[in-house]
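Enquirer: Chains as they are written, first to last, in full-length UniProt numbering: chain A, 1 to 264; chain B, 1 to 264.
Using N, Cα and C, we set each Cβ at its ideal position, and we do this for glycine too.
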DNA sequence: CGCTGCTTTGACTTACGTCAACCCAAGTGG
DNA sequence: CCACTTGGGTTGACGTAAGTCAAAGCAGCG
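Right, here's the structure in full:
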């Protein structure tokens, strides 16, 4: 790996981490190296099936996917959306078998690497390990917030909340323009994400349109007034933990990792 | 720290990890050291309040607690139950502020340590770091399963499912005897955990009693036929990931950590 | 041009929520 | 020792948000 390549993290994962923590060259090149093996997948293809043995760790480079769980009789719950830059069940890879499936919603570009490399990462780059742990914690926070939605918010609130969440998450990776973004999702999938029936989601979206909060044209959704939509969904920024620097992390790691970084 | 002390992990956390991965003396004593500072709390006391800055990392030694999120208008969702041996929002401690609260349900004994020590742990004991990551992943899996419950299971199924989950989780730490265990929980809390109203939980429990699947006497609950209750709740062992050894983890860490462990 | 997969809408059903009592046990204080 | 409160549990009557069923519209596509 060349030095030049190492300096600019070309990996979405690297870019994501860089956004809240500065990386050493060694770390960057390790990440780039990790994401070297990229595969392409069609729309609606299973990257992982519930009950299957885990294969490799994956990072979403382009496209959308969902993590979902199903009951024996077919009822299904979408646990989370996998957006560009997201890791696909990072920790889950430590498990023997998958307790959920992962399916693409669009054609997707995915980076793959062996789980052993995670262990390697834990040993060689504790800062990266901690950063990824942080990232995993954010995922948990998102799922917990969805649980709050499904358990305690009304259909209208839930739907509004999800739209704002996606808007915010997509903004970070630069996929929103003036409140407009692509939502490559059928109403069935929205229903499964929000614990509603397909018919009810339809009516709820219609209501949001009628109120004038959103516009839907095919897969393009436009949010006219984020503030208002957020307030309908009782959206509280807190859980996304977008605040750039987890100071504690940065501090502690910088201060004491000088030994390891002496070579730079 | 004495050598003798180091050999037997007296910490619940240590015991938990030992159950699926053998620890070196160094690792054990580090864990024991971590849990040295123990505090006691009354029933119904907040260990952490939503919106508050995180203080320290906590491990539940004795007693129950809940992690919960609330909406501005008071509606509340219990995200998870914290049982003896559980870490309280391990990763969350990397965040600036808490997006959820933690409240004890019983008098509790809690071990506390500074978040910096996690960083230390990441640097000095990658195996422990990975083990804790695994443990965090299990927590995420539990929350995801609860999301499936709240989103897609009926009230009866949900309730049955939760009871079986608690039964299984408590068995691991030896708190179940012949299908009987203490459930230090009001119906209001059950309702908030399952996204139901308090009245409806009451009727649902009654139904479970009428069918003869459970017995409730005060805070003692007895499960007569776990198999049947599990089938009512569409309970699938998979998500708890109780399978002892995460082989991959154990393997990878053992094989390559010889350098570090040379001293033993 | 007739699939097939998705959305939309109306009519009706139902699981679950709300309201409002009443019960019971465990304090607690006069 | 007994009133009185307080926090929970239990039950009935009734309301409603959301589900189900069913049919019709509407692309895209071989």
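In this structure, does DSSP put residue 98/A in helix, strand or coil?
Expert: Position 98 of the first chain, counting from 1, holds the residue named residue 98/A. It is coil, neither helix nor strand.
Enquirer: Name the DSSP bridge partner or partners of residue 177/A?
Expert: Taking the first residue of the first chain as 1, we reach residue 177/A at position 177. Beta-bridge pairing links residue 177/A to 180/A.
Enquirer: Please list the partners that residue 122/A has in chain B, where partner means a Cβ-to-Cβ separation under 9 Å.
Expert: Position 122 of the first chain holds residue 122/A. Those are 122, 126, 127, 129, 130, 133, 253, listed as they occur along chain B.
Enquirer: Run through DSSP, which three-state label would residue 215/B get?
Expert: Mapped onto the second chain, residue 215/B falls at position 215. Here residue 215/B sits in strand by DSSP.
Enquirer: Using a Cβ cut-off of 8 Å, pull out every chain B residue sitting near residue 79/A, in sequence order please.
Expert: On the first chain, position 79 is the one that residue 79/A refers to. Result: 144, 147, 148.
Enquirer: Quick check on residue 128/A: does DSSP put it in helix, strand or coil?
Expert: Position 128 of the first chain, counted from the start, is the residue given in the question as residue 128/A. The answer is helix: DSSP assigns residue 128/A an H, G or I state.
Enquirer: Does residue 62/A get closer than 8 Å to chain B when you measure Cβ to Cβ?
Expert: Translated into positions along the first chain, residue 62/A becomes position 62. No, residue 62/A lies away from the interface with chain B (no Cβ there is under 8 Å from its Cβ).
Enquirer: With a threshold of 8 Å between beta-carbons, can residue 227/A be considered close to chain B, or not?
Expert: As a working mapping, residue 227/A is identified with position 227 in the first chain. Answer no: the Cβ-Cβ gap between residue 227/A and chain B never drops below 8 Å.
Enquirer: Between residue 27/B and chain A, is there a C-beta pair that is closer than 8 Å?
Expert: For the purposes of this step, residue 27/B is taken as residue 27 along the second chain, with counting starting at 1. No, residue 27/B lies away from the interface with chain A (no Cβ there is under 8 Å from its Cβ).
Enquirer: Is it the case that the stretch 107-120 of chain B contacts the stretch 34-43 of chain B, given that we only count it when at least three CB pairs across the two stretches are under 8 Å?
Expert: yes
Enquirer: Would you mind telling me which residues of chain A sit closer than 8 Å to residue 33/B, beta carbon to beta carbon, in chain order?
Expert: Here residue 33/B refers to the residue found at position 33 when the second chain is read from its first residue. Within chain A, not a single residue places a beta-carbon under 8 Å from that of residue 33/B; the smallest gap is close to 18 Å.
Enquirer: Within the chosen definition, does the stretch 114-128 of chain A reach the stretch 184-202 of chain A through at least 3 CB pairs nearer than 8 Å?
Expert: no
Enquirer: Would the beta-carbon of residue 50/B fall within 8 Å of that of residue 86/B?
Expert: Counting from one through the second chain, the residue named residue 50/B turns up at place 50. Counting from one through the second chain, the residue named residue 86/B turns up at place 86. Cβ distance not < 8 Å, so residue 50/B and residue 86/B don't count as in contact.
Enquirer: On the three-state DSSP scale, how would you describe residue 109/B?
Expert: Your numbering for residue 109/B matches position 109 in the second chain. Strand, per DSSP.
Enquirer: In terms of residue numbering, what span does the beta strand (DSSP E) encompassing residue 61/B cover?
Expert: As a first step, residue 61/B is located in the second chain; it is residue number 61 there, counting from the start. First-last of the beta strand (DSSP E) with residue 61/B: 57-62.
Enquirer: Residues in its own chain within less than 6 Å of residue 201/A by CB, not counting five upstream and five downstream?
Expert: Walking along the first chain from the start, residue 201/A turns up at place 201. These residues qualify, in order along the chain: 187, 190, 191.
Enquirer: With a threshold of 8 Å between beta carbons, is residue 195/A in contact with chain B?
Expert: If you number the first chain from 1, residue 195/A lands on position 195. Answer yes: the Cβ-Cβ gap between residue 195/A and chain B drops below 8 Å somewhere.
Enquirer: Answer with yes or no whether the minimum CB distance from residue 187/A to chain B is below 8 Å.
Expert: Residue 187/A sits at position 187 when you count from the first residue of the first chain. So, not an interface residue.
Enquirer: With a threshold of 8 Å on Cβ separation, who are the neighbours of residue 170/B within its own chain once the five nearest residues in sequence on each side are excluded?
Expert: By 1-based counting over the second chain, the position of residue 170/B is 170. 83, 176, 181.
Enquirer: Applying the 10 Å Cβ sphere with the 16-neighbour rule, what's the burial state of residue 216/A?
Expert: One-based indexing of the first chain puts residue 216/A at position 216. Burial call: exposed.
Enquirer: Report back the beta-carbon spacing between residue 132/B and residue 232/B to the nearest angstrom; my notes put them in contact at under 8 Å.
Expert: Against the second chain, residue 132/B aligns to sequence position 132. Against the second chain, residue 232/B aligns to sequence position 232. With a Cβ gap of about 34 Å, residue 132/B and residue 232/B do not count as contacting.
Enquirer: Between the C-alpha atoms of residue 143/A and residue 66/B, what's the straight-line distance to the nearest angstrom?
Expert: In the first chain, counting from the first residue as 1, residue 143/A sits at position 143. In the second chain, counting from the first residue as 1, residue 66/B sits at position 66. If I take the Cα positions, the gap works out to 16 Å.
Enquirer: Count the other CB atoms, across all protein chains shown, that sit within 10 Å of the CB of residue 146/B; report buried if there are 16 or more and exposed otherwise.
Expert: As a first step, residue 146/B must be located in the second chain, where it is residue number 146. The residue in question, residue 146/B, is buried, as its Cβ has 16 or more Cβ neighbours within 10 Å.
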